[in-house]
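K.L.:
Residues in the sequence shown are numbered from 12 upward in steps of one, following the numbering used here. I have a structure here, written as structure tokens, and I will follow up with some questions on it.
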Amino acid sequence: MDIQNLQNQLKWLPAGWLAKIEKYLYRLPGVKAKIEAEYDGIMAGMEESVKPYSHDFQSYTQIPETGLDRSEIIHQLEDLKDKEAPRWQEGFVSGAVYHGDQSFVDFLNQVYAIHSQANPLHTDIWPSSTKFEAEIVAMTARMLGAAETKDEICGTVNSGGTESILLAIKTYRDRARQQKGIKHPEMIAPVSAHTAFDKAAQYFGIKLNRTPLGPDFRADVSAVRRAINRNTIAIIGSAPSFPHGAIDPIEELSTIARQHGIGFHTDACLGGFVLPWAHKLGYPVPSFDFCLPGVTSMSADTHKYGFAAKGTSVVLYRGLELRRFQYFTASDWPGGLYFSPTLAGSRPGGLSAVCWAAMISMGQAGYMDATKRLLETAAAIKVGIAEIPEVYLLGDPLWVLAFGSDTLNIFQVMDHMISKNWSLNPLQKPNAVHIALTLRHTQPGVAEKFVQDLREAVTYVREHPQEKGGSAPVYGMAATLPLRGVVREMLRRFADLLYKV
Ligand SMILES: *Cc1c(COP(=O)(O)O)cnc(C)c1O
Numbered sequence: 012m013d014i015q016n017l018q019n020q021l022k023w024l025p026a027g028w029l030a031k032i033e034k035y036l037y038r039l040p041g042v043k044a045k046i047e048a049e050y051d052g053i054m055a056g057m058e059e060s061v062k063p064y065s066h067d068f069q070s071y072t073q074i075p076e077t078g079l080d081r082s083e084i085i086h087q088l089e090d091l092k093d094k095e096a097p098r099w100q101e102g103f104v105s106g107a108v109y110h111g112d113q114s115f116v117d118f119l120n121q122v123y124a125i126h127s128q129a130n131p132l133h134t135d136i137w138p139s140s141t142k143f144e145a146e147i148v149a150m151t152a153r154m155l156g157a158a159e160t161k162d163e164i165c166g167t168v169n170s171g172g173t174e175s176i177l178l179a180i181k182t183y184r185d186r187a188r189q190q191k192g193i194k195h196p197e198m199i200a201p202v203s204a205h206t207a208f209d210k211a212a213q214y215f216g217i218k219l220n221r222t223p224l225g226p227d228f229r230a231d232v233s234a235v236r237r238a239i240n241r242n243t244i245a246i247i248g249s250a251p252s253f254p255h256g257a258i259d260p261i262e263e264l265s266t267i268a269r270q271h272g273i274g275f276h277t278d279a280c281l282g283g284f285v286l287p288w289a290h291k292l293g294y295p296v297p298s299f300d301f302c303l304p305g306v307t308s309m310s311a312d313t314h315k316y317g318f319a320a321k322g323t324s325v326v327l328y329r330g331l332e333l334r335r336f337q338y339f340t341a342s343d344w345p346g347g348l349y350f351s352p353t354l355a356g357s358r359p360g361g362l363s364a365v366c367w368a369a370m371i372s373m374g375q376a377g378y379m380d381a382t383k384r385l386l387e388t389a390a391a392i393k394v395g396i397a398e399i400p401e402v403y404l405l406g407d408p409l410w411v412l413a414f415g416s417d418t419l420n421i422f423q424v425m426d427h428m429i430s431k432n433w434s435l436n437p438l439q440k441p442n443a444v445h446i447a448l449t450l451r452h453t454q455p456g457v458a459e460k461f462v463q464d465l466r467e468a469v470t471y472v473r474e475h476p477q478e479k480g481g482s483a484p485v486y487g488m489a490a491t492l493p494l495r496g497v498v499r500e501m502l503r504r505f506a507d508l509l510y511k512v
């Protein structure tokens, strides 16, 4: 018996039942041992690709007795970078590195070097960090509709999109507790909203009600309306969503939230630094930001299309009062009067400097030009995908392009793309693959190569549908396995594997 077999035996059970009986199943004699063996087998198969350096590079399991020569360390680091950089530099990777032009990266590195010791926690020592962060927030707010409302739009700089989302949800939870006495908070997010909202729900004890999408992969507005109850603290929409690049009907959703006196968060982690410029360029961009009175918070990732280095994002709020629910304060600690605005205590001031420098160096004209190149590249790839009969685009996205197939195993297509050096994102429910286009893909020839390779991959899979191996069986199984606990445990084992030296 293997996991696949077990699945076949359990297929007839309703999904809700399965979740309930799953934990009892593992207590059956033999089942646990067999599933354990299955995990071990899958992880052993992955070890080589996850730990490619175990042969050629020294591993450290304790601090070396005496420090190594700095030039030797730099040499090793250069070696590792040289193995990894070409793939993203040449534009084979979905998302991940959003700008990446060498001269721009060099500039950001120079900025980091100048401010690498700064910590915004120490407002007295580094008021420069405070200046950078206040201005990053102000510039982002202005870009996202702050000038089109009387309310003050404020926010904070955080470590990334996930932290922006965690903070916004914590803020709504604490406000609802204080102002409405809500003890069992719930929130509503379309199934396509980023899983950081699941993380927020887990961390902060909030029930997350996931609502379905319409056939266009945008949130189903009436399903959201029906999901509202007395405990709802916030409704979420994406602009656009990570899986399908679809922009939810933010105007309708935020209006419903406003009518019920509930917070509304637009997750513009992905689109915050693209959609305003796409709109100015004349692309069809529905309203999604603070120009809508029902939008009470937003997240926008400076470390994605803001082109800053990894490690910054902005969360924004309508009104200073709402932001105050985010802050942590301690008045009685022997360590002194303490406050921190975000999850972290000490923070990397160098990254705030880099973010600030990225924004003022790009300028509005730079972002506009980047968006133009991005969307023109996307248009070319969309045409290419439309010309391949076996695959279709999910919805009508601008630059995050998800494609699926009714006739081929799309994960086998992805595997073939991997063999051609591509790194794409596998999606599930429905099974599909996406590429989030970045400036790396706007380099000459990249879009053409993507379409050509995709065409070849599709042809190959059509002619070899039975081929075994690769990641397709794992993704195929993970997408359909009724035992979701087994899938989650597999992810935990994978995390364990990453930390193995
Ligand atoms: C990337 C992303 C996030 C999470 O951001 P991280 O920076 O990876 O933590 C959240 N929402 C959307 C729509 C995203 O694309």
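C-beta: ideal position from N, C-alpha, C; glycine also.
Pull up the DSSP beta-bridge partners for C165, would you.
P.N.:
According to DSSP, which records beta bridges pairwise, C165 is partnered with Y328.
K.L.:
Given this structure, state the Cα-to-Cα distance separating P131 from F143, to the nearest angstrom.
P.N.:
C-alpha separation (whole angstroms): 10 Å.
K.L.:
Count the CB pairs spanning the segment 264–277 and the segment 247–254 that are closer than 8 Å, and state whether there are at least three.
P.N.:
Because the criterion of three Cβ pairs below 8 Å is met, the segment 264–277 and the segment 247–254 touch.
K.L.:
Give me, in chain order, the residues of the same chain whose beta-carbon lies closer than 6 Å to that of A447; leave out the 5 immediate sequence neighbours on both sides.
P.N.:
Only S105, G106 and V411 meet the Cβ criterion.
K.L.:
Leaving out five residues on either side along the sequence, give the residues of the same chain with a beta carbon under 7 Å from the beta carbon of E401.
P.N.:
S416, T418, L419, V469 and R473, listed in sequence order.
K.L.:
In the DSSP assignment, the alpha helix (DSSP H) including P138 goes from what residue to what residue?
P.N.:
Start and end: P138 to M154.
K.L.:
Comparing the CB of L281 with every heavy atom of ligand 3, is any distance shorter than 6 Å?
P.N.:
Inclusion of ligand 3 in the displayed structure is not the case, the ligand content consisting of ligand 1 alone.
K.L.:
I want to check one thing, is the minimum distance from the CB of S249 to the heavy atoms of ligand 1 below 6 Å?
P.N.:
Yes, the beta carbon of S249 sits closer than 6 Å to at least one heavy atom of ligand 1.
K.L.:
Is the segment 192–200 touching the segment 299–306 in the sense that three or more CB pairs, one from each, lie closer than 8 Å?
P.N.:
These segments do not touch.
K.L.:
Report the start-end ranges of each beta strand (DSSP E) in the segment 188–223 that is 3 residues or longer and not cut off at the edges.
P.N.:
With a minimum length of 3 residues, the continuous beta strand (DSSP E) runs that stay inside the segment 188–223 are 197–201 and 218–222.
K.L.:
Between which two residues does the alpha helix (DSSP H) carrying P437 extend?
P.N.:
P437 -> not in any alpha helix (DSSP H); beta strand (DSSP E) instead, spanning N436 to L438.
K.L.:
Y510 by DSSP, collapsed to three states: which one?
P.N.:
Of the three classes helix, strand and coil, the one that applies to Y510 here is coil, per DSSP.
K.L.:
Less than 6 Å between the CB of G322 and some heavy atom of ligand 1, yes or no?
P.N.:
Not under cutoff, so the answer is no.
K.L.:
For R329, tell me which candidate among A389, F208, E76 and T160 has the shortest Cα-Cα distance.
P.N.:
If we check each option's Cα against that of R329, T160 comes out closest.
K.L.:
Is the closest heavy atom of ligand 1 to the C-beta of A443 under 6 Å?
P.N.:
False, no ligand heavy atom lies under 6 Å from that Cβ.
K.L.:
Report the residue from A30, I53 and A369 whose alpha carbon sits nearest the alpha carbon of Y11.
P.N.:
This structure leaves residue 11 out entirely; the chain is present only between 12 and 512.
K.L.:
Is any heavy atom in ligand 1 found nearer than 6 Å to the beta carbon of G166?
P.N.:
No, since every heavy atom of ligand 1 falls outside the 6 Å radius drawn around the Cβ of G166.
K.L.:
What alpha helix (DSSP H) runs, 4 residues minimum, are completely inside the segment 59–147?
P.N.:
Counting whole runs of 4 or more residues, the segment 59–147 contains the alpha helix (DSSP H) stretches 81–100 and 113–126.
K.L.:
Let me make sure I understand the geometry here. Which of T449, E467 and T141 has the alpha-carbon closest to that of S430?
P.N.:
Closest option to S430, Cα to Cα, is E467.
K.L.:
On the CB-based measure, 16 or more other CB atoms within 10 Å of its CB, does Q73 come out buried or exposed?
P.N.:
Label assigned to Q73: exposed.
K.L.:
Is F253 a contact residue of ligand 1, with contact defined as CB to any heavy atom under 6 Å?
P.N.:
Yes, the beta carbon of F253 sits closer than 6 Å to at least one heavy atom of ligand 1.
K.L.:
Below 8 Å on the Cβ atoms is my contact criterion, and I expect I180 with I217 to pass it. Report the Cβ-Cβ distance as a whole number of Å.
P.N.:
Contact holds; Cβ gap of about 7 Å.
K.L.:
Just the Cα atoms here: how many angstroms apart are E163 and P484?
P.N.:
If you take the alpha carbons of E163 and P484, they lie about 51 Å apart.
K.L.:
Would you call the segment 253–273 and the segment 438–452 touching, i.e. three or more CB-CB distances under 8 Å?
P.N.:
Yes, the segment 253–273 touches the segment 438–452.
K.L.:
Taking DSSP as the reference, what is the three-state secondary structure of L404?
P.N.:
L404 falls in the strand class under three-state DSSP.
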